[in-house]
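K.L.:
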Amino acid sequence: MGFQTSHPTKLITQSIIKSKDESSDADERSLIQRALNLTDQTLVNANSIPSSSHYSSWIARHPSALHSFDRLMKAAIGKRIIVFLDYDGTLSPIISDPDRAFMSDEMRAAVSEIATYFPTAIISGRSIDKVKDFVKLNNLYYAGSHGMDIMAPPVRSSDSDSELSDIGNGVPFQPAKKFLPAIRELLRRLENEVKEIEGAKLEDNGFCISVHFRHVQEEDYGFLEEKVKSVIEMNPQFRVTEGIKVMEIRPSIEWNKGNAVEYFLDTLGLSNSSNILPLYIGDDRTDEDAFKAIQSRGQGYPIIVSSTPRETNALYSLRDPSEVLIFLSRLAKWKKNSHLSKKPLIFG
0 MGFQTSHPTK LITQSIIKSK DESSDADERS LIQRALNLTD QTLVNANSIP SSSHYSSWIA
60 RHPSALHSFD RLMKAAIGKR IIVFLDYDGT LSPIISDPDR AFMSDEMRAA VSEIATYFPT
120 AIISGRSIDK VKDFVKLNNL YYAGSHGMDI MAPPVRSSDS DSELSDIGNG VPFQPAKKFL
180 PAIRELLRRL ENEVKEIEGA KLEDNGFCIS VHFRHVQEED YGFLEEKVKS VIEMNPQFRV
240 TEGIKVMEIR PSIEWNKGNA VEYFLDTLGL SNSSNILPLY IGDDRTDEDA FKAIQSRGQG
300 YPIIVSSTPR ETNALYSLRD PSEVLIFLSR LAKWKKNSHL SKKPLIFG
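Laid out in structure tokens, this is it:
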């Protein structure tokens, strides 16, 4: 199986964007200051990030969604925007205790406002109940367990002229439901195998299991890997992927966050529309499947949240959750102004 024993620390930074229109906007400067609430004391400040030609080359290929905002919105005029968001590392910082990855009040307000203007879904590796408890908003859709547990609107015809479904009419979709008994047994066995490894933590995410090893001593990594590998080898219907200081154990089915994006579009009646613009913001390797899904459609904006160069299928980038907050706030403001100025509207 194999997993790395070291990962770059997630860098949550305070970013001051100096594009022509932003530098004169006092509200955004205030928002940037409040975005400091997103940071964790264990994470480093942007000032410690050295500039390099490698990063400059990477950012040229994946330009800032903030610096590109006006151009992106110009292309969005007359289209239906649909917003997809990861949670950890996107709406909240990556911190040492995953149970305390709370989003700020400012971020919650921004997501809530976005959801009043556009169909909005959060697609997380967490269980759907956990991510809903973190977000505490009822005006958007949720998908947990990397898209294997979805609360989506009822399926309707794609050529319907009616308005999009009410959130309250959501119906569950669980493509891995048949694996639930095996997942319960797998969790029990893993708990027994890793209980003696100090710092290892299991998280039950419904249709997948997370093995957190952020606090595991380096000399114990190999032992933890061996224990997890021995359990999974006896359960070939499951597979392991690696995130940031975490191993994700999931059923071996062809379903991921990209499939979840397509499912949402289908149930919203938009999968065959050439007049939509899906937007996905995420920071993890599991979000790459969603980036690829949007890329394959030839329409939309996949945006990676990262302050360090890395291989990605995203077209644009944001450095950290504080920039996600600014981007969402600008998107809501743009939509609001499009109404006030009577410019062409984005339906949804």
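Taking numbering that gives the first Met the number 0, I'd label the letters of the sequence shown as residues 0 to 347.
The C-beta atom is built at its ideal place from N, Cα and C for all residues, glycine as well.
Small disclaimer: the values here were computed from a predicted structure and weren't measured.
(1) When DSSP builds the beta bridges, which residues end up paired with Ala-120?
(2) What's the C-alpha gap between Asp-176 and Ser-337?
(3) Can you check which of these residues, Glu-112, Gly-146 and Met-246, is closest to Asn-137 by C-alpha distance?
(4) Considering only C-alpha positions, which residue in the set Lys-334, Trp-333, Pro-320 and Lys-335 is nearest to Glu-105?
(5) Return the CA-CA distance between Trp-333 and Gln-236, expressed in angstroms with no decimal places.
(6) Less than 8 Å between the beta carbons of Val-227 and Gly-88, yes or no?
(7) Spatial neighbours of Gly-146 within its chain, please: CB distance less than 7 Å, with the 5 preceding and 5 following residues excluded, ordered by chain position.
(8) Spatial neighbours of Gln-372 within its chain, please: C-beta separation below 8 Å, excluding the five flanking residues on both sides.
(9) Assuming Leu-267 and Pro-118 are in contact, meaning their beta carbons sit under 8 Å apart, how far apart are those beta carbons, in whole angstroms?
(10) Could you name each continuous alpha helix (DSSP H) segment of 4 residues or more that falls completely within the stretch 213–296, going from the start of the chain to the end?
(11) Buried or exposed for Leu-179, going by 16 or more other Cβ atoms inside 10 Å?
(12) Helix, strand or coil for Lys-201 per DSSP?
(13) What residues in its chain sit with their C-beta under 6 Å from that of Asp-219, if we drop five residues either side in the sequence?
(14) Taking its Cβ as the centre, do 16 or more other Cβ atoms sit within 10 Å of Glu-217, making it buried, or is it exposed?
(15) Are there 16 or more other CB atoms within 10 angstroms of the CB of Ser-47, so buried, or fewer, so exposed?
(16) Between Asp-288 and Glu-241, what straight-line distance do the alpha-carbon atoms span, to the nearest angstrom?
(17) Would you list the one or two residues that DSSP bridges to Ile-149?
(18) Quick check on the DSSP output: what are the complete beta strand (DSSP E) runs of length 3 or more inside the stretch 291–331, in order along the chain?
(19) Between Arg-60, Asp-69, Tyr-54 and Ser-56, which lies nearest to Arg-329 when the distance is taken from Cα to Cα?
(20) Residues in its own chain within less than 7 Å of Arg-187 by CB, not counting five upstream and five downstream?
P.N.:
The structure says:
(1) The partner list for Ala-120 (beta bridge, DSSP) reads Phe-83 and Tyr-140.
(2) The amino acid occupying residue 176 in the given sequence is Lys; Asp does not appear at that position. Approximately 43 Å between the Cα atoms of the pair.
(3) Glu-112
(4) Pro-320
(5) Distance between the alpha carbons of Trp-333 and Gln-236: 46 Å.
(6) no
(7) Ile-122, Trp-254, Asn-255, Lys-256, Asn-258 and Ala-259
(8) The structure shown does not extend to residue 372, since the chain spans only 0 to 347, so no value can be given for it.
(9) Contact between Leu-267 and Pro-118 holds, with the beta-carbon distance rounding to 6 Å and staying under 8 Å.
(10) 220–232, 256–266 and 287–296
(11) exposed
(12) The identity of residue 201 in the sequence shown is Leu, whereas the question assumes Lys. Residue state, collapsed to three classes: strand.
(13) Ile-196
(14) Of the residues assessed, Glu-217 falls on the exposed side of the cut-off, its CB having fewer than 16 other CB atoms within 10 angstroms.
(15) Note that Ser-47 scores 39 on pLDDT, short of 50, meaning its location in the model is unreliable; the coordinates nonetheless yield the value given after this. It is exposed - the Cβ of Ser-47 has fewer than 16 other Cβ atoms within 10 Å.
(16) 14 Å
(17) Ala-142 and Phe-172
(18) Entirely contained in the stretch 291–331, the beta strand (DSSP E) runs reaching 3 residues are, in chain order, 300–304 and 315–317.
(19) When the alpha-carbon of Arg-329 is set against those of Arg-60, Asp-69, Tyr-54 and Ser-56, the nearest one is in Asp-69.
(20) Hits under 7 Å: none found.
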